[in-house]
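S.K.: In terms of UniProt numbering, the sequence shown is residues 1 to 650.
My structure is below; once you've seen it, I'll send some questions.
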Amino acid sequence: MGAPCWWNGHCATAVFLKDPAIVPSGSMIVVLGGPSILVGLSGGSASSATSNEGSADLSFASVQRDSAEVQRRAQEVINACASMANDNPILFIHDVGAGGLSNAIPELVHDTSIGGNFELRDNDNAGSRNRAVGGQVARDRLVGPWQIPVADVGVTATCLQKGIRTRKATAIGEKPTLALINPGASARMEVAEALCNMAAADVSLQKLAYPLSANRMSAIHHPGEGAALYEAVKAVVALCKQLRISIPVGKDSTSMKMGWREQQSQEAREVTPQLRRPEENGIGETVLLVVDLAEGHKALGGSALAQAFGKVGDETPDVRNVQLLKDSFYAIEEAHDSGVVLAYHGAGSDGGIFTAIVEMMFAGRCGASLLLENFCRNETADIISTLFTEELAAVFQVGKRDETNFKRCFANCGPPPEMIERIGTVTSDQELSIYHNADPASLLYRNRRSELQKFWSSISYHMQCIRNNLDCADTEYARIEDDSDPGLSYNITFDPAEPLHGKGFLNSAPFLASKFSQRLSLKQKPHVAILREQGVNGAKEMAYAFMNAGFLAEDVHMTDLIHGRKSLSSFVGLAACGGFSDGDVLGAGRGCEYSFAFISSCDMLKNLRRVTEEYMTRSRVLITSSNAAEQAAQECAEVGRMTAYMADNI
C-alpha cells in the first residue's frame, strides 16, 4: 500500500440537500462548471491504469481538475443555495466524475425514478453571476490563543442566517504505514481514527446516514499489492456494515484515507485540544482521563516511534471490538451534552498518548503531571509502549469535581469502567512531568513546554526560514519560549451589545465615533461597502461580521464601480477581502490594483478615479485582509496623501 498523497471530496450539506424522491416532473437540470474542468475523458478506469508517455495527456485529463477557479465558483453557488435552508432551490445534486456529463446526467435522472429530455445545443452565456462566497469556518486546524495546528475536526457553519446554527463537521483518518504490515488493520484504523476525531464535535452516532469517502493509492501491478488492496477494502466493508454506515464515494488512485462528514445539532459546539488552566475563571483543579478503546493492547507496528528508529514492526493497532467503539461514541456524546468535557484530543494518531497530551499543552500554554502506575509496569519497554502506542484511545480534560459524572456517562452507555483511567492533572507551571507512581523518586521524564514545542515545531521553522521571510520565521519561533505571551487576546472597552449610536460606544471608541459622527447623530447604521474582485473569498463572512456589529453592509464589485452602478462616495467605510484576485496571475493582491490602474488610464473613467481618490483621502475607514492589504497599501502609496498602517500577520 502506498503512502497518502491527497484527500479530496466535497463536504455535503446533507440537511439542506433534499431527497431525489421529492423531485417533481418538470424540474430543470442545471450544470455548474464548464469545459475547463477536464474530468473523466478517458473513462472510469483511466486513473487506475498504468500510464505511458503516449497516454500522459489523456491520463491527466481523466484525473486532474484543470480550473480550480471554476470549481470554486461552482461550489459558491452550491453553498449559497444550501444556506437558504428550506428555501434551497436545489432538489437533488450529482457530481460529475468519470464519464463526464454523458454519465452524470443520466445517473441523476435515474435516481429520481422519472424520465428526462436532453437537448444537445449551445447555451447563451449567463448575464449575471452569483456573488455569494462560501467557507464559513467555525473551527479550523488552529487551536487556542497561540494558534496551534492540532484540531481533531474541521467545522464550518452551514449558513450565516440568524437563528440557524447548524454546522458541518469533517474529520480524516489515515494510517498508511500500518498497511505495510496489515492492510486490513490499516483500513479499519482509518475509519476508527476518523470517528474518534469526529467525537470532538457535537455529533450523534444515531445520524450515521452521512457517508464516508474512502480513497486509497496502491501500485496494484506490483506483486502482492493487489491482494493487499483487496484485503483493505474487504476489511472496510465488514467494519462499516457493523457501524451501519455507507461508503458511496471513493477512488483507488489517491490516498488510503477516510473522511467522515456529519451534521451537527442546532445548538452546535465542539471541544478543542486546548487545555484549560486551573486559574481560569470557573475552571479550578482538573484531571486528565484516558479512554482506552484497545482493551490494553499496545502494538507499536507502523507507529511514528517505529519510523523514528527506521523500523516497521510486526504487530499493528487494530479495531478489535466494534461494539465498544460504538458504545464509547454514544458515551462521548452524552458527556458532550452534560458539559463536563473541557478539552479533548484523539490519542490514536501519530505519537500516541504522549504526543496527544503535549499537543494539548501547546494549545493551552500550561503543564501536566502524569502518573503511569495504572497503565504500565515500571519497565522501560512497557512505559514506551504505553506512551507511544497508536492504539485507539482519547484524552479528556474534566474538572476534578466532574470526574464521577464523566465516568457515569460511560457506565450509562455500556463501556466497562476499567477502560477509563486518570493519567494525571493539569498544572500552571508549563512543564511536563511523568512519574510512575506518587513517589517523587519515580520521576521518569521532565521537560519544559517551550522546549518540547520548539522541537515539535523545528521542521516547520526550518522550512519557513527557506521559504518565508527569515526575520518573521525567527520571531515566531522565538515567541514559543515566552511563557507570558498572551497569544490572541482582547480587551473590549465597550459593550458589544450596545448600538453604535449609544453613549458608551461614543466614549469608548472615539476614533470610530468621529468617523461616523454624522451617521451616528442620525441614529442610522453606518453604510459599509464590501469590495470584491474576481477570485476573492471571504466576502460573505466579512459582511456578516459588519452586520453583527451594527453596520449596513453592501456588496460592491469592481464591475459595479467601472460601469457606474455604484459609487464609493455613498459609503462611510470600505472593506476589501483577501484571496486570489484574478487567480493571482497578476501577482498576489494585484488584481484590484490593476483594475484601479485601468480606471486611471481610461478617459471614460476619469470621474470614477477622481471619486476613488477622494474616498482614499477623506476621513473614511478602510479595512483590508490578506492579499487585499497589499492592494490597499499600493493604492495609498499612489494617492500619496494617506498613510497605511500594517498590523502583524499573526
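Virtual Cβ for every residue (Gly too), placed ideally from N, Cα, C.
For clarity, every value in this text was computed on a predicted model and none was experimentally measured.
Among residues of its own chain, excluding the 5 on either side of Ser428, which ones have a beta-carbon nearer than 8 angstroms to its beta-carbon?
M.R.: Answer for Ser428: Arg277, Pro278, Glu279, Cys366, Gly367, listed in chain order.
S.K.: Taking the alpha carbon of Val290 as the reference point, which residue from Arg320, Leu300, Gly282, Tyr344 has its own alpha carbon closest?
M.R.: Cα-wise, what sits closest to Val290 is Tyr344.
S.K.: To which residues of the same chain is Leu275 closer than 7 angstroms at the C-beta, ignoring the five residues directly before and after it?
M.R.: Correct list, in chain order: Ala343, Met360, Met361, Ala363, Gly364, Cys366, Gln397, Val426.
S.K.: Since Ala179 and Ala232 should fall inside the 8 angstroms C-beta cutoff, what is the C-beta to C-beta distance between them, to a whole number of angstroms?
M.R.: Their Cβ separation, rounded to whole angstroms, is 7 angstroms, which keeps Ala179 and Ala232 in contact under 8 angstroms.
S.K.: With a Cβ-Cβ cutoff of 9 angstroms, do Gly348 and Leu293 count as a contact?
M.R.: Yes, these two residues count as a Cβ contact at 9 angstroms.
S.K.: Locate the beta strand (DSSP E) running through His345, then write down its first and last residues.
M.R.: From DSSP, the beta strand (DSSP E) with His345 extends over 341-346.
S.K.: Would you kindly work out how many angstroms separate the C-alpha atoms of Ala74 and Phe118, rounded to a whole number?
M.R.: Between Ala74 and Phe118, the C-alpha separation is close to 21 angstroms.
S.K.: Using a threshold of 9 angstroms, state whether the C-beta atoms of Thr316 and Met189 are closer than that.
M.R.: Result yes, Cβ atoms of Thr316 and Met189 sit closer than 9 angstroms.
S.K.: Can you tell me whether DSSP reads Glu391 as helix, strand or coil?
M.R.: The answer is coil: DSSP assigns Glu391 none of H, G, I, E or B.
S.K.: Going by Cα to Cα distance, which pick from Pro417, Ile562, Leu432 is closest to Gly424?
M.R.: Minimum Cα distance to Gly424 is reached at Leu432.
S.K.: Can you check whether the CB of Val237 is closer than 9 angstroms to the CB of Leu212?
M.R.: No, they are not a contact pair.
S.K.: Going by alpha carbons, who is nearest to Lys540 out of Pro526, Ala576, Ser27?
M.R.: The shortest C-alpha separation from Lys540 is found at Ala576.
S.K.: Who are the near neighbours of residue 652 in its chain, counting only those whose CB is closer than 6 angstroms to its CB and skipping five residues on each side?
M.R.: A query on residue 652 cannot be resolved here, the shown segment of the chain reaching from 1 to 650 and no further.
S.K.: In whole angstroms, what separates the C-alpha of Glu193 from that of Ala187?
M.R.: Using only the alpha carbons, I get a separation of about 10 angstroms.
S.K.: Are Pro526 and Leu552 closer than 9 angstroms when you measure CB to CB?
M.R.: Closer than 9 angstroms, so yes.
S.K.: Buried or exposed: Gln453, going by 16 or more other Cβ atoms within 10 Å of its Cβ?
M.R.: So Gln453 ends up on the buried side.
S.K.: Reducing DSSP to helix, strand and coil, say where Asp474 ends up.
M.R.: The answer is helix: DSSP assigns Asp474 an H, G or I state.
S.K.: Consult DSSP for His462 and reduce its assignment to one of helix, strand or coil.
M.R.: The answer is helix: DSSP assigns His462 an H, G or I state.
S.K.: Kindly give me the distance between the Cβ atoms of Lys168 and Thr156, rounded to whole angstroms, as I take these residues to be in contact under 8 angstroms.
M.R.: About 5 angstroms; that satisfies the 8 angstroms criterion.
S.K.: Any idea what DSSP makes of Ile105, helix, strand or coil?
M.R.: Helix.
S.K.: Is the stretch 326-336 close to the stretch 406-419, with three or more CB pairs under 8 angstroms?
M.R.: Cβ pair count under 8 angstroms is three or more, so yes.
S.K.: Measure the alpha-carbon distance for Val572 versus Asn468 and round it to whole angstroms.
M.R.: When rounded, the distance between both Cα atoms is 36 angstroms.
S.K.: For Arg422, I'd like the list of residues in its chain whose CB is within less than 6 angstroms of its CB, leaving aside the five on either flank, ordered along the chain.
M.R.: Contacts found: Val287, Leu289.
S.K.: Helix, strand or coil for Val426, going by three-state DSSP, please let me know.
M.R.: Three-state DSSP puts Val426 in a strand.
S.K.: At which residues does the alpha helix (DSSP H) containing Glu490 begin and terminate?
M.R.: The residue asked about is misnamed: residue 490 is Tyr in this sequence, not Glu. Counting along the chain, Tyr490 falls outside any alpha helix (DSSP H), and DSSP gives it neither H nor E.
S.K.: Apart from the five residues just before and just after Asp482, which ones in its own chain have a Cβ nearer than 7 angstroms to its Cβ?
M.R.: Hits under 7 angstroms: none found.
S.K.: When you compare only the Cα positions, how much space is there between Val312 and Val395?
M.R.: Roughly 26 angstroms separates the two Cα atoms.
S.K.: Could you compute how far the alpha carbon of Gly224 sits from the alpha carbon of Phe455?
M.R.: Using only the alpha carbons, I get a separation of about 38 angstroms.
S.K.: Which residue wins for smallest C-alpha separation from Val322, given the options Val358, Gly414, Ile29?
M.R.: The shortest C-alpha separation from Val322 is found at Gly414.
S.K.: Give the DSSP-derived three-state secondary structure of Leu91 in the structure shown.
M.R.: Leu91 falls in the coil class under three-state DSSP.
S.K.: Name the one or two DSSP bridge partners that Ser369 has.
M.R.: Beta-bridge pairing links Ser369 to Thr425, Ser433.
S.K.: How long is the line joining the alpha carbons of Ser83 and Ala151, rounded to whole angstroms?
M.R.: Cα to Cα, Ser83 sits roughly 25 angstroms from Ala151.
S.K.: Who are the near neighbours of Thr177 in its chain, counting only those whose CB is closer than 6 angstroms to its CB and skipping five residues on each side?
M.R.: Cβ within range, chain order: Gly302.
S.K.: State buried or exposed for Ser102, treating a residue as buried only when at least 16 other CB atoms are found within 10 Å of its CB.
M.R.: By the 10 Å Cβ count, Ser102 comes out exposed.
S.K.: Per the DSSP calculation, Gly399 is bridged to which residue(s)?
M.R.: Beta-bridge pairing links Gly399 to Thr286.
S.K.: Whole angstroms is fine: what's the gap from residue 653's alpha carbon to Ala356's?
M.R.: In the structure as shown, the chain begins at 1 and stops at 650. Residue 653 is therefore absent and cannot be evaluated.
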